[in-house]
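Trainee: If you read the sequence shown in this note's numbering, its first letter stands for residue 9, the second for the next number, and so on. Just so you know, even glycine gets a beta-carbon here, dropped at the ideal spot from N, CA and C.
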Amino acid sequence: MLKDLVTDDLRERPVQGWFKSAARGIGIAAAGVAVLVGFAGPAHAAGGHYEASTRNGCGRAEGYYYYDYTAHKQGRAAYNTRWDFNVRRILTCGGTYSLYATYSKWTGTKWDYSHSTEYTRIGESGRGYNVADVMIYVCEIGKPSTCGRIHGV
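1) For C147, which three-state DSSP category applies?
2) When the distance is taken between beta carbons, is T125 closer than 9 Å to T62?
3) Measure the Cβ-Cβ separation of R135 and N94 and say whether it is below 9 Å.
4) Which stretch, first to last residue, makes up the beta strand (DSSP E) that contains R84?
5) Give me, in chain order, the residues of the same chain whose beta-carbon lies closer than 6 Å to that of D92; leave out the 5 immediate sequence neighbours on both sides.
6) Can C66 and Y108 be called in contact, C-beta distance under 9 Å?
7) With H, G and I counted as helix, E and B as strand and the rest as coil, what does DSSP make of S153?
8) What are the start and end residues of the beta strand (DSSP E) that includes K113?
9) Hey, would you say I130 sits closer than 9 Å to Y58, going by beta carbons?
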């Protein structure tokens, strides 16, 4: 269709049509470059739809998790994260279920690894800032052996 418009412009006004066509072509090329530059930077959001079940199948989480690169801190990438999950219990099972996470946190001067080896309870929705190595789990409260890690849907 673009070819037809350019041809029609050239027939009606040979010189003016040529300039109009050239301007359109430059505009389209500039827009293409802007799109490529927009996707070339490192600070893009990633993530998507995730789900998890406890090992015994009684608890379930489903929702969204996203992370944005912020910067490299002492040679490691740091991210800001956000999540929104729905945690539920299978009706035939007992117990209460919640989300837990393991992660490393940038304190401003060094990496804190104290949360990387133990489960930290988190809300069904929330945000994390300047973190790395984030893993989210659904677990029966007080029973770490039941934890199941989220995975992409």
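Mentor: Taking the geometry as given:
1) strand
2) no
3) no
4) R84 to R97
5) G71, Y72 and S133
6) no
7) strand
8) Y105 to W114
9) no
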